Amino acid sequence: MRILVVDDDAQIIRAMRINLRARGYEVDTAFDGATALRAAAKHQPDVVLLDLGLPDMEGGEVIEGLRGWTSVPIIVLSARHSASEKVRSLDAGADDYVTKPFGMDELMARIRAAQRRSVHVEEAPVVTTSAFTVDLGAKRVTRGDEEVRLTPTEWHILEVLARNAGRLVSQRQLLHDVWGPNYQSETNYLRVYMAQLRRKLEPDPAHPLYLITEAGMGYRFEKG
10 MRILVVDDDA
20 QIIRAMRINL
30 RARGYEVDTA
40 FDGATALRAA
50 AKHQPDVVLL
60 DLGLPDMEGG
70 EVIEGLRGWT
80 SVPIIVLSAR
90 HSASEKVRSL
100 DAGADDYVTK
110 PFGMDELMAR
120 IRAAQRRSVH
130 VEEAPVVTTS
140 AFTVDLGAKR
150 VTRGDEEVRL
160 TPTEWHILEV
170 LARNAGRLVS
180 QRQLLHDVWG
190 PNYQSETNYL
200 RVYMAQLRRK
210 LEPDPAHPLY
220 LITEAGMGYR
230 FEKG
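Heads up: the sequence shown begins at 10 in my numbering, then just goes up one per residue.
So this is what it looks like as structure tokens:
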């Protein structure tokens, strides 16, 4: 069981490391948001404990960065008591909000509750094919050393497919996830954007290897 603790207060980091390790957890730590995102991508923690006031970015930006590729439980630990801060954090994707100071018994109960609510799915922040790489955390696609420029809609379609690599994603689900519930019959949208994605990503767009059409059903992302 691995926990990532993100806080710019060295005393809190030290206390959390000691207390969590004493309870049998593996602990990774980060003093700023950029380090936290790199650590999460490298070690894929089971729970993230996150302070909001970081030196390089707001905690909400860290939450959004994580939610780009993982559903790991995120518990905010913050001295900010206002209801608006809690709402913003929860809306951004946090699972719980604990105000400082707090007791370790309460925190451990929150961690256990977050674990019970979460459904563990093997997720990779980076999906690699022999032709291109999709970095779900950074929201970018590269071919070799060059970045492939995608529109927001193209990226959203690719993100949904890459998150479900190897599995069929129905046309209805893609339309719902990308355009919303009122567009679930607009299959022509998908044909247009899939053609654009193939032109940008497939070595031979007429014979796709990675963005596969399942006739009458949907699409599948294959790593090749």
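Virtual Cβ for every residue (Gly too), placed ideally from N, Cα, C. Here the structure is a predicted model, which means the values were calculated and not measured.
| Cβ atoms of Leu218 and Gly233: under 7 Å apart, would you say? | yes
| request: Compare the beta carbon distance of Leu206 and Leu184 with 7 Å and say whether it is the shorter of the two. | output: no
| field | Touching by the beta-carbon criterion (3+ pairs, under 8 Å), the stretch 139–147 and the stretch 190–197 | value | no
| Start and end residues, alpha helix (DSSP H) containing Glu211 | Element bounds for Glu211: n/a, residue is neither H nor E.
| message | I believe Leu235 touches Leu177 by the beta-carbon criterion, under 8 Å. Please report the beta-carbon distance rounded to the nearest angstrom. | response | It is not possible to answer for residue 235, since the shown part of the chain is limited to 10 through 233.
| According to the Cβ coordinates, are Leu58 and Val14 closer than 7 Å? | yes
| task | Quick one: residues in its chain with C-beta nearer than 6 Å to the C-beta of Pro64, no 5 flanking neighbours on either side, listed in chain order? | result | Asp17 and Asp41
| task | Evaluate Ala204 with the Cβ neighbour count: other Cβ atoms within 10 Å of its Cβ, from every protein chain shown; 16 or more gives buried, anything less gives exposed. | result | exposed
| Inside the stretch 99–129 only - beta strand (DSSP E) runs reaching at least 3 residues | 105–108
| request: Tell me, to the nearest whole angstrom, how far the beta carbon of His52 is from that of Arg23; I am working on the premise that it is less than 8 Å. | output: About 19 Å separates the two Cβ atoms, so there is no contact after all.
| Do you know how far the Cα of Ala215 is from the Cα of Ala88? | 56 Å
| request: Flag this pair as yes or no: are the beta carbons of Gly153 and Gly77 separated by less than 7 Å? | output: no
| request: Using the Cα positions of Thr44 and Met66, report the straight-line distance between them to the nearest angstrom. | output: 11 Å
| said: Restricting to Cα atoms, I'd like to know which of Tyr202, Gly225 and Met25 is closest to Met113. | reply: Met25
| field | Which listed residue (Phe230, Thr108 and Thr222) has its alpha carbon closest to that of Gly175 | value | Phe230
| said: Classify Gly225: buried if its beta carbon has 16 or more other beta carbons within 10 angstroms, exposed otherwise. | reply: exposed
| query | Just to confirm, does Leu59 get its C-beta within under 6 Å of one of the non-hydrogen atoms of the ligand GDP? | reply | In the structure shown, the ligand GDP is absent, as is every other ligand, since no ligand is present at all.
| field | Enclosing beta strand (DSSP E) for Glu38 [first to last residue] | value | Note that residue 38 corresponds to Thr in the displayed sequence, not to Glu. Its beta strand (DSSP E) spans residues Glu35 to Ala39.
| Which first and last residues belong to the alpha helix (DSSP H) in which Arg181 is found? | Gln180 to Trp188
| request: Measure from the alpha carbon of Thr108 to the alpha carbon of each residue in Leu116, Arg181 and Val81, then state which is nearest. | output: Leu116
| For Ile120, is the classification buried or exposed, using 16 other Cβ atoms within 10 angstroms of its Cβ as the cut-off for buried? | buried
| said: With a threshold of 7 Å on Cβ separation, who are the neighbours of Tyr202 within its own chain once the five nearest residues in sequence on each side are excluded? | reply: Thr162, Glu163 and Ile166
| said: How far does the beta strand (DSSP E) with Arg149 in it extend, from its first residue to its last? | reply: Arg149 to Arg152
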